[in-house]
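Q:
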Amino acid sequence: MSVEFKTDFFEKLRKVNKAAFLNRCIGQVGVIAVNFSKERFVQKNWIDRNREPWKQRKRPARGSILVRTGRLKRSIRKISQGSYYVYIGTDDPKAQIHNEGGQINKTVTVKAHTRRMSAQRTRDSRGRYQQSQSGGTVNIRSHTRRMNINMPKRQFLGESALLNRRIERFLSRELDNEISRNGN
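Dropping the structure here:
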């Protein structure tokens, strides 16, 4: 993602110590980008030129969308930083399918296990409940199961016009502060 400046940014940049200024600002730009990505988990949408709300779950569950344990959200961080760039990303293996959406077609092996059966009430011929039959356990043998899952796109990383505007405003403000501090 590149930021295009529409002001006299480069003219002002010539007036300050370019290396020290950029080194300080690049780290802060990375923090702005990481915070923008983490805001997506709170607001449950992606904002580029317009808002794209995330699709709701089919079955409601505890916690926010994509934040049951918080591992995916916590894994977003600065990956690398140079003199003119900063990369943010994640090392979570499930991040790509959640960010881009797609189809998961796999065959998985279900291990052998025991399933506890709950007690069930039965009705007699008049429709009244009878004594509960006790539950028990059932042994489940190991088997394979096909997984066909259609994951909706819930973007939290990528290029965003709003993020570009935030970075541009931040750098312009910092540059003006640097010029006024140096008295140029």
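Count along the sequence shown from 1, then add 13; that gives the number in this note's numbering.
For glycine and all other residues, C-beta sits at the position ideal for the given N, C-alpha and C.
Computed from a prediction, not measured in an experiment: that's the story for all the values here.
Is it true that the CB of Tyr98 sits closer than 9 Å to the CB of Ile45?
A: No; because the gap between Cβ atoms is not below 9 Å, this pair is not in contact.
Q: Candidates Ser185, Arg159, Met130: which alpha carbon is nearest Val151's?
A: Out of Ser185, Arg159, Met130, Met130 has the C-alpha closest to the C-alpha of Val151.
Q: Nearest by alpha-carbon distance to Lys91: which of Arg139, Leu79, Asp104 is it?
A: Ranking Arg139, Leu79, Asp104 by Cα distance to Lys91 puts Asp104 first.
Q: Taking its Cβ as the centre, do 16 or more other Cβ atoms sit within 10 Å of Ser193, making it buried, or is it exposed?
A: It counts as exposed.
Q: Quick one: using the 10 Å Cβ neighbour count with 16 as the cut-off for buried, is Ser155 buried or exposed?
A: That one is exposed.
Q: What would DSSP say about Asn58, mapped onto helix, strand or coil?
A: Strand.
Q: Would you tell me roughly how many angstroms separate the C-alpha atoms of Gly175 and Val29, rounded to the nearest one?
A: Reading the sequence as shown, one finds Leu at residue 175 and not Gly. Approximately 27 Å between the Cα atoms of the pair.
Q: Is Gly43 helix, strand or coil by DSSP?
A: In the structure shown, Gly43 sits in a helix (DSSP, three-state: H, G or I).
Q: When the Cα of Ser84 is compared with those of Arg62, Ala108, Asn177, which residue comes out closest?
A: Note that residue 84 is Arg in the sequence shown, not Ser. Minimum Cα distance to Arg84 is reached at Ala108.
Q: Please return the same chain residues whose Cβ sits closer than 6 Å to the Cβ of Ser93, not counting the five positions on each side in sequence.
A: Excluding residues within five positions, the ones whose Cβ falls inside 6 Å are Tyr100.
Q: Once the 5 residues before and after Arg81 are set aside, which same chain residues still bring their CB inside 8 Å of it?
A: Excluding residues within five positions, the ones whose Cβ falls inside 8 Å are Ala74, Arg75.
Q: Considering Cα atoms alone, identify which of Arg37, Arg62, Arg139, Val121 is closest to Ile162.
A: Here the closest residue by C-alpha is Val121.
Q: Within its chain, find whatever has a CB closer than 7 Å to the CB of Leu79; leave out the 5 residues flanking it on each side and keep chain order.
A: Only Phe54, Leu85, His111, Arg167 meet the Cβ criterion.
Q: Helix, strand or coil: how does DSSP classify Ile192 here?
A: Three-state DSSP puts Ile192 in a helix.
Q: Please look up how many angstroms separate the CB atoms of Ile180 and Val47, rounded, as I've assumed it's under 8 Å.
A: Not quite, the Cβ-Cβ distance comes to about 12 Å (not below 8 Å), so this is no contact.
Q: What are the complete beta strand (DSSP E) segments, minimum 3 residues, inside the region 75-103?
A: List check, beta strand (DSSP E) in window: 90-94, 99-102.
Q: Is it true that the CB of Ala32 sits closer than 9 Å to the CB of Ser96?
A: Closer than 9 Å, so yes.
Q: For Gln143, which three-state DSSP category applies?
A: It is coil, neither helix nor strand.
Q: Looking only at C-alpha atoms, which of Arg70, Lys57, Gln143, Gln69 sits nearest to Phe169?
A: Nearest C-alpha to Phe169: Lys57.
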